Each structure stands twice: as structure tokens, then as C-alpha cells.
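Just so we're aligned, residue 1 is where the sequence shown starts under the UniProt record's numbering, counting upward by one.
Data first, discussion second: the structure below is written as C-alpha cells.
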Amino acid sequence: MPERDGVETKAGASPGGTTVAGSPFRVPALDGIRAIAAIFVVLFHLHVGFSRGDSGVDIFFVLSGFLITSILMRGARQGRIDFAKFYWGRALRLLPVYFAVMAVAVAIAVAWHLGGSTLRGALFSFLYVSNWAAGSGEGLGLLTHTWSLSIEEQFYLVWPLALIGIVTVSRGNGRKAAIGVGVLTVLAYLALLACWFGGTSTTFAWNFTPARGMELLVGCSLALVVSEFKGVRLPGAAWHLPDILGLASVAGLIAIANVQPHSEWFEMLVEWPLVAGVTALLILVCLNRDAKVTQRALSLGPLTTVGKMSYGLYLWHFPVFFVIDASIGLEHWSAKLLAMGIVAAIVPLSYRFIEQPFLRLKSSGTPNAVRQRMAAVLGRTGLRHVPTE
1 MPERDGVETK AGASPGGTTV AGSPFRVPAL DGIRAIAAIF VVLFHLHVGF
51 SRGDSGVDIF FVLSGFLITS ILMRGARQGR IDFAKFYWGR ALRLLPVYFA
101 VMAVAVAIAV AWHLGGSTLR GALFSFLYVS NWAAGSGEGL GLLTHTWSLS
151 IEEQFYLVWP LALIGIVTVS RGNGRKAAIG VGVLTVLAYL ALLACWFGGT
201 STTFAWNFTP ARGMELLVGC SLALVVSEFK GVRLPGAAWH LPDILGLASV
251 AGLIAIANVQ PHSEWFEMLV EWPLVAGVTA LLILVCLNRD AKVTQRALSL
301 GPLTTVGKMS YGLYLWHFPV FFVIDASIGL EHWSAKLLAM GIVAAIVPLS
351 YRFIEQPFLR LKSSGTPNAV RQRMAAVLGR TGLRHVPTE
């Protein structure tokens, strides 16, 4: 769920506003957004306020769609999209700590006799179909939270090819491509409406990949708009409008995360698109040079540190909370502090000794064996290094 990849952005001044164009440097403020999303989810599971802290998942979905599409469009600007490199990078980023958490969860479930739900959850998580299992009412035990990661992995498998198809049909016209993705976003929302009108259970709708694709596609649409228009002008720099929009967006996300939902369907039909839209606006603000206050606030050291480790934080926190809750309960503050202390100890170690060593392999290129295998698979579909010009 939480993604952390470089995004190419460049802030450039223009009369009456600010533009964002392509250039390779990181945007620390995006790590700040990621940190906010992770904190929402952790506090939600810890039952410390944030009755809608699960909206952090919605924020993560938008960020993932934006970052992944930015990576793909970077390849498109260079004339081709290297599928082997893309999927190899995804594997190095996502799988090591994911498998580590699954292994620990299974070991704990077996040793502590926590039931077979975690073992079944491990199988579903390994296959990246835990969202479908959860949607059918299957318990996942210590791996309950992997449903969102399954949705993202399914997205990663489909979206690169879908984007190539959209770019091809639009004949390289970025505006038409952005409109095409916008249409897909509307269709994803209609899939959610169909669940509602069709009397589908909220559990199924919550885990339904096409419906959750709406939030991912909002991020994808934003990335295409930024790529095509070399950024989107935010007028009113002299009146600090970018900062006003940015800080209002942060405040809005915090408010939504603390509002008791009217109903589950209201949450899905109204709050999901609202959070997606506000998150997209906040991302856009973070790409604008004139939003100095917002960018500084979201780039504070503690926030960016949490943001960089947010993937591991998301993966590790739930099993820890689950075990503490099953052992002594999570009602008392002493138990909550113990749970957070354990998570705070595990996550940096996991980042240092599991995530970072594999992330460093990304810079060494794609192994020939992987590239050859990908070429063989994609060759059957007529794709390999897909030209985009």
C-alpha cells in the first residue's frame, strides 16, 4: 500500500501562478503525506481517536496511482517502457519485507495456537488475493491488513499494460490519454454504485478491486495531467493561495479521519471520492514552488522519516497490535504504549536490514535471467520494451 518511489518534478514560475514540469529530484513533502496516511491507519487500529483513520488507505491508493504512473510516464518520455525493469523494481520494493511479515505471522500463529485464519491468510496474501478472501467473509488473522496490498498488486499487474493501451489508442496525445483515464475513474465509481444498487454486502464492496480502483485512478489521472501540461498552474501565489489550499487539504484530511461515519455506504460513496480529491489537490500543491509553508511542514524530519518507513510500518503494526490485543488487551494506555514501543523498535530494524539491502539492488539493473523471462512472457503478447513514440 504505502509506496515510496522517486517522482520527477520541477517547479517553475509563471505569471500568475506556478507550473510543475519534469526533472529528476525527490519531493520530500510526498513522504510527509505518506506519513500522515500511515499515522491515520496506526491510530485507527490502536483505537486512539481517528474513527475514520482507515481513510489513510484511501490516501495511500491515490499516492500509489500517482507515483506508479509517474514512473511509467518517465519511461514513455524516454521513448519506451521497460516492463522487466518496472516489475523487477516492484518486486525488490515490495516482496522482501512482505514475505518476512508473513513468515513471522505464521510462526506466531502456530506457536501461540491463534487459529487457522492466519495460515489461510498467509496463503491468500502470498497469492495477492486476500482482498477477495476478505470480501467473501474469510478471516485473515494477523494478516487482515494485507487486503489493500492485494488490491495494489493487482493494479500493478494490469495498469502498465492498460496505460500502454490508452496511450496507443490516443495516438500519443497526452490530453486524450488523461481524458481516457478520467473515464476509467468514473467507471470505477460506477462499479461502486452498482454494488450499492445491487444490494451487495459492504464487506464485498469494500474489498472490490474495480471499486477501489477509483482512488488509484485519481492518482493516475493526476500524473498524466502533470506530465502532459508540464504541471498545472495554481494561481494566486501573491495571496499565498497554494499554501492556503495545501494547509486546508491537510486539515480536511485530519477532520475526515476523525468524523464518525454516517454509514458504511456513505463512507464509500461520499468519503472515498472526497478523500481522493483532497489528496490529489495536496499532491499538486506539493509540486508547486510557491507552497513553501505546506512543503516545509510536510518535509519536517520526523514526518519524512515515518514516510520513508511507512510500508514497513503498515506491514508490521497490525500483527503486533493483534498479538498484544489477544494477550493482554489493547484497552489500557499501558498496552497501547507497549504495542507502539514494539512497533517503533521493529520498523527501523526492518527498514535497515530487510528493505534497504534490496532497494540498493534496484540501482544495479535488472538481472539478465529476469529480463529474458519477462521478454519471453511479453513476447507472446507482442510486447517487450514498448515504444511510446
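Just so it is clear, CB atoms sit at the ideal spot from N, CA and C, and this is done for glycine as well.
Quick caveat, the model's predicted, so the values are computed rather than measured.
Segment limits, alpha helix (DSSP H) that includes residue i
i           : result
D243        : L241 to A257
I354        : Per DSSP, I354 belongs to no alpha helix (DSSP H) and is neither H nor E.
D290        : That residue, D290, is in no alpha helix (DSSP H); it is neither H nor E in DSSP.
residue 390 : Any property of residue 390 remains undetermined from this structure, which presents the chain solely from 1 to 389.
S227        : T209 to E228
F50         : Per DSSP, F50 belongs to no alpha helix (DSSP H) and is neither H nor E.
Within 8 Å, strictly: CB atoms of residue i and residue j
i    : j    : result
L92  : K362 : yes
F353 : T144 : no
L253 : V218 : no
E355 : G312 : yes
S299 : A29  : yes
F61  : A223 : no
A191 : A211 : yes
A178 : V167 : no
V213 : A251 : Before going further, note that residue 213 is Gly rather than Val in the sequence given. Cβ distance not < 8 Å, so G213 and A251 don't count as in contact.
A37  : I59  : yes
I164 : T209 : no
D31  : V41  : no
Span of the beta strand (DSSP E), counted from its first residue to its last, around residue i
i   : result
R80 : R80 to D82
Buried/exposed call for residue i, threshold 16 Cβ in 10 Å
i           : result
I328        : exposed
P242        : buried
A76         : buried
E331        : exposed
P112        : The residue you asked about is not Pro; residue 112 is Trp in the sequence shown. That one is exposed.
N288        : buried
W333        : exposed
S23         : Only weak support exists for where S23 lies, its pLDDT of 38 falling under 50; the value from the coordinates is given anyway. Classification for S23: exposed.
P160        : buried
E138        : exposed
S64         : buried
G301        : exposed
Q78         : exposed
A13         : Interpretation of A13 is limited by its pLDDT of 28, a score under 50 that renders its predicted location unreliable; no figure is taken from the coordinates.
A107        : exposed
W132        : buried
F321        : buried
residue 401 : This structure cannot settle anything about residue 401, because the visible part of the chain is limited to 1 through 389.
V158        : exposed
T294        : buried
T203        : exposed
E264        : exposed
Y351        : buried
Member of the options whose CA lies at the smallest distance from the CA of residue i
i           : options                   : result
L72         : F60, F61, R90 and I59     : R90
residue 390 : G116, Y156 and I59        : With the chain represented from 1 up to 389, any question about residue 390 goes unanswered, as that position is not in the structure.
V57         : R74, R175 and W147        : W147
G172        : S310, A335, R80 and I59   : R80
V27         : A291, A178, L94 and A255  : A291
F124        : I68, E153 and V320        : E153
D325        : W132, G121 and G141       : G141
S221        : S70, S249 and F44         : S70
S51         : I256, I342, L282 and Q295 : I256
I283        : V226, L315 and F204       : V226
G277        : S364, I342, G182 and F204 : G182
I33         : A194, V306 and T200       : V306
V285        : G246, V104 and I39        : G246
L193        : F208, L269 and L234       : L269
Closer than 8 Å to chain C by CB, residue i
i    : result
A257 : Any reference to chain C falls outside this structure, which holds one protein chain only.
For this session: Could you pull out every unbroken beta strand (DSSP E) segment of at least 3 residues lying fully inside the region 320-351, listed in chain order?
Result: Within the region 320-351, no complete beta strand (DSSP E) run reaches 3 residues.
Problem set entry | Every unbroken alpha helix (DSSP H) within the region 97-174, with a cutoff of 4 residues, ordered by chain | Counting only unbroken stretches of 4 or more residues, the alpha helix (DSSP H) elements lying wholly within the region 97-174 are 117-126, 130-135 and 147-169, in sequence order.
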